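J.: Each protein sequence line maps, in turn, to chains A and B.
For the first sequence, the numbering used here assigns the number 103 to the initial residue and increments by one for each residue that follows.
For the second sequence, the numbering used here assigns the number 103 to the initial residue and increments by one for each residue that follows.
The beta carbon of each residue, even a glycine, is placed where N, CA and C say it ideally should be.
Given the structure is predicted, the values throughout are model-derived calculations rather than measurements.
Protein chains: 2
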Amino acid sequence: MPEPMDIAFEAAEAASKRGEVPVGAVVLGPDGQVLAVAGNEVEAGDPTAHAEILALRAAAAKLGRPRLEGCELVVTLEPCSMCATAISHARIKRLVFAAYDPKGGGVEHGPRMYRQPTCHHRPEVVGGVQAEKAEMLLKQFFAGLRAES
Amino acid sequence: MPEPMDIAFEAAEAASKRGEVPVGAVVLGPDGQVLAVAGNEVEAGDPTAHAEILALRAAAAKLGRPRLEGCELVVTLEPCSMCATAISHARIKRLVFAAYDPKGGGVEHGPRMYRQPTCHHRPEVVGGVQAEKAEMLLKQFFAGLRAES
Numbered sequence: 103m104p105e106p107m108d109i110a111f112e113a114a115e116a117a118s119k120r121g122e123v124p125v126g127a128v129v130l131g132p133d134g135q136v137l138a139v140a141g142n143e144v145e146a147g148d149p150t151a152h153a154e155i156l157a158l159r160a161a162a163a164k165l166g167r168p169r170l171e172g173c174e175l176v177v178t179l180e181p182c183s184m185c186a187t188a189i190s191h192a193r194i195k196r197l198v199f200a201a202y203d204p205k206g207g208g209v210e211h212g213p214r215m216y217r218q219p220t221c222h223h224r225p226e227v228v229g230g231v232q233a234e235k236a237e238m239l240l241k242q243f244f245a246g247l248r249a250e251s
Numbered sequence: 103m104p105e106p107m108d109i110a111f112e113a114a115e116a117a118s119k120r121g122e123v124p125v126g127a128v129v130l131g132p133d134g135q136v137l138a139v140a141g142n143e144v145e146a147g148d149p150t151a152h153a154e155i156l157a158l159r160a161a162a163a164k165l166g167r168p169r170l171e172g173c174e175l176v177v178t179l180e181p182c183s184m185c186a187t188a189i190s191h192a193r194i195k196r197l198v199f200a201a202y203d204p205k206g207g208g209v210e211h212g213p214r215m216y217r218q219p220t221c222h223h224r225p226e227v228v229g230g231v232q233a234e235k236a237e238m239l240l241k242q243f244f245a246g247l248r249a250e251s
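#1: Alpha carbon to alpha carbon, how far is B/Leu-197 from B/Val-136? Give it in angstroms, no decimals.
#2: On the CB-based measure, 16 or more other CB atoms within 10 Å of its CB, does A/Leu-179 come out buried or exposed?
#3: So B/Cys-185 and B/His-211 are supposed to be a Cβ contact under 8 Å. How far apart are they, rounded?
#4: In angstroms, rounded to a whole number, what distance separates the CA positions of A/Ser-118 and A/Gly-246?
#5: So for A/Arg-193, helix, strand or coil by DSSP?
#6: Any heavy atom of the ligand MG closer than 7 Å to the beta-carbon of A/Val-176?
#7: Does DSSP put B/Ala-160 in a helix, in a strand, or in coil?
#8: Who are the near neighbours of B/Pro-213 in its chain, counting only those whose CB is closer than 7 Å to its CB and skipping five residues on each side?
#9: Could you check which residue in B/Pro-204, B/Arg-217, B/Glu-143 and B/Ala-140 has the C-alpha nearest to that of B/Thr-187?
#10: Applying the criterion that 16 or more other CB atoms from any shown protein chain within 10 Å of the CB defines a buried residue, is A/Phe-244 buried or exposed?
#11: Suppose you measure from the CA of B/Leu-156 to the CA of A/Leu-239; what does that come to, to the nearest Å?
#12: Under a Cβ-count criterion, where at least 16 other Cβ atoms within 10 Å of its own Cβ denotes burial, should A/Ser-251 be classed as buried or exposed?
#13: Return yes when the Cβ of A/Ala-201 is within less than 8 Å of the Cβ of A/Met-107, no when it is not.
#14: Would you kindly work out how many angstroms separate the C-alpha atoms of A/Ala-249 and A/Arg-169, rounded to a whole number?
#15: Based on the DSSP output, what are the partners of B/Val-129 in its beta bridges?
#16: By Cβ distance, which residues of its chain are closer than 8 Å to B/Met-70, with the 5 residues on each side in sequence left out?
#17: Per DSSP, A/Val-228 forms a beta bridge with which residues?
#18: Where B/Gly-141 and B/Arg-120 are concerned, what is the direct C-alpha to C-alpha distance, given to the nearest angstrom?
#19: Check each candidate in A/Gly-206, A/Leu-165, A/Arg-224 and A/Glu-115 and name the one with the smallest Cα separation from B/Asp-148.
#20: Which of helix, strand or coil does DSSP assign to A/Ser-183?
#21: For the putative contact between A/Ala-114 and A/Pro-104, defined by C-beta atoms under 8 Å, what is the C-beta separation to the nearest angstrom?
#22: A/Lys-195 CB to nearest chain B CB: under 8 Å?
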């Protein structure tokens, strides 16, 4: 069975082929089973359709409840503040991400959401897993956009 | 025609009847036309289904694009960090909210999202519109929950 981060990379690469910023996310159940996989779908017409939001929604639909206690979210890029807060609302136990995002990240950068006193649920965070691969994927995508314009 | 905040209150009251925290949101187009109305749907099984997120998604679907330049979002409660960031991602021009939320708000409380240096789009913000009505609605809802438990 592929590693969860590799599944997230596959979703990121598929997103890139659709013209979406290449980010992919996976939600794992408490037993490590894959509950949901998603890639970015913003350009398809939904400003909230980051990979993490789509994966959280799909996992919640699968479990039939809005809170995903004991679940893990694996994503190829440091979540933005929207997604970091959604991960907290969903009671995700553990967040694993690949590349750090100094410009748009909200976990280890910007507002550092889980360090805010008003944050009611803080997941365990592991950042930098296969970071170089994720950075390369993003660089290639944005270099392609610049070449087109 | 009812005022946008009154439409948002109707959606909040409908949410309350479904057992959801009573918050309602409306997105208005650049011409002031109502593009989308939504109430909270979290307990129905989606941790990201705050009224604002649902209204943004519906408005984007209606316009067929993810960025809602020139649009306004009207909501009965100060948005949380997830929704505040989503409002920024969606390029909403103006945010109007009723009650302030010192515990969960992310606009004038907590991380104050639009004052973060990494925030790339800052809407105009008007808070406190019909705040007492929204506070009363929330108080009644939570008092009802306590009476049940």
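T.: Reading it off the structure:
#1: Near 14 Å, if we compare the C-alpha coordinates of B/Leu-197 and B/Val-136.
#2: It counts as buried.
#3: Not confirmed; about 13 Å, so no contact.
#4: A/Ser-118 and A/Gly-246 have their C-alpha atoms some 10 Å from each other.
#5: In this structure, A/Arg-193 counts as coil in the three-state DSSP scheme.
#6: The model depicted lacks the ligand MG and carries no ligand whatsoever.
#7: Three-state DSSP puts B/Ala-160 in a helix.
#8: Result list for B/Pro-213: Ser-183, in chain order.
#9: Between B/Thr-187 and the set B/Pro-204, B/Arg-217, B/Glu-143 and B/Ala-140, the nearest pair of CA atoms involves B/Arg-217.
#10: Its Cβ having fewer than 16 others within 10 Å, A/Phe-244 is exposed.
#11: Going by C-alpha positions, B/Leu-156 is about 31 Å away from A/Leu-239.
#12: Label assigned to A/Ser-251: exposed.
#13: When the beta-carbon positions are compared, A/Met-107 and A/Ala-201 stay at least 8 Å from each other.
#14: Counting only the Cα atoms, A/Arg-169 lies some 43 Å from A/Ala-249.
#15: For B/Val-129, which the question treats as bridged, DSSP gives the partners B/Ala-138 and B/Leu-175.
#16: For chain B, the structure presents residues 103 to 251; residue 70 of chain B sits outside this window and is missing.
#17: Bridge partners of A/Val-228: A/Val-198.
#18: Between B/Gly-141 and B/Arg-120, the C-alpha separation is close to 10 Å.
#19: Nearest of A/Gly-206, A/Leu-165, A/Arg-224 and A/Glu-115 to B/Asp-148, Cα basis: A/Leu-165.
#20: In this structure, A/Ser-183 counts as helix in the three-state DSSP scheme.
#21: For a cut-off of 8 Å, the C-beta gap from A/Ala-114 to A/Pro-104 is around 14 Å, too long to register as a contact.
#22: No, A/Lys-195 lies away from the interface with chain B (no Cβ there is under 8 Å from its Cβ).
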